[in-house]
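Asks: Below is one structure. I have some questions about it.
Residue numbers (the numbering used here): 154 to 226.
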């Protein structure tokens with residue numbers, strides 16, 4: 154491996170809303186993030202399927218069983 158071609162890795166703090174949420178190694182000493190796995194709905198288990206606009210019903214009304222029949226053929 155060639156020497157002195159890779160950037161230097163330094164201890165890095167991942168910061169979310171002014172709080173350090175993770176410490177790792179990176180080429181930058183600080184990284185500010187808008188979303189991280191500790192607050193993302195998918196990872197916290199708070200994600201819910203909401204069909205508030207009736208999209209499933211609208212799709213079924215528009216295509217009915219024809220969509221499934223065409224896909225299997």
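Glycine included, every Cβ here is placed at the ideal spot set by N, Cα and C.
1. Between which two residues does the alpha helix (DSSP H) holding residue 209 run?
2. Between the Cα of residue 179 and the Cα atoms of 219, 158, 162 and 189, which residue gives the shortest distance?
3. Return the CA-CA distance between residue 155 and residue 212, expressed in angstroms with no decimal places.
4. Thinking C-beta only, is residue 174 closer than 8 Å to residue 191?
5. Going by DSSP, what residues sit across from residue 173 in a beta bridge?
6. Assuming contact is defined by CB atoms lying nearer than 8 Å, are residue 196 and residue 167 in contact in what I supplied?
Replies: A quick look at the data gives this:
1. 208-216
2. 162
3. 58 Å
4. yes
5. 168
6. no
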